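Chemist:
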Amino acid sequence: MGFSNATFQSEKETGDRNYAIGYYLKEKKCFPKGVDMMAALDLYFQLCSVEVTCESG
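Everything in the sequence shown is counted per the numbering used here, starting at 1 for the first residue and increasing by one.
1) Check the DSSP bridge columns for valine 50 and list the partner residues they point to.
2) Can you find a CB in chain D that lies within less than 8 Å of the CB of tyrosine 19?
3) So which of Glu51, Gly2 and Leu41 has the shortest CA-CA distance to tyrosine 24?
4) Cβ of phenylalanine 31 within 8 Å of Cβ of methionine 37?
5) With a 10 Å radius around its C-beta and 16 neighbouring C-beta atoms as the bar for buried, classify glutamate 11 as buried or exposed.
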């Protein structure tokens, strides 16, 4: 298991649709009070950047 920082940075820089969805959900009050939407998006981008490999033997 690993983490791709290149993917993370790319997702943050090109994730316009994700930002738009986040702002839409924020406008509709879908985030609980006190939740930082940008922190939630940052976590999402991090989770998209996890790398997993598997081997069968």
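Here a beta-carbon is modelled for each residue, glycine too, at the ideal position from N, C-alpha and C. All figures in this text were calculated on a predicted structure; none of them were measured in a lab.
Modeler: Taking the coordinates as given:
1) Here residue 50 corresponds to residue number 50 of the sequence shown, with the count starting at 1. As computed with DSSP, valine 50 is found in a beta bridge with Phe3.
2) The question asks about chain D, but that chain is absent: this structure has only one protein chain.
3) Walking along the sequence shown from the start, residue 24 turns up at place 24. For the residues Glu51, Gly2 and Leu41, the minimum Cα distance to tyrosine 24 belongs to Leu41.
4) For this step, residue 31 is matched to residue 31 along the sequence shown. For this step, residue 37 is matched to residue 37 along the sequence shown. Against a cut-off of 8 Å, the Cβ pair of methionine 37 and phenylalanine 31 comes out as a contact.
5) Mapped onto the sequence shown, residue 11 falls at position 11. The residue in question, glutamate 11, is buried, as its Cβ has 16 or more Cβ neighbours within 10 Å.
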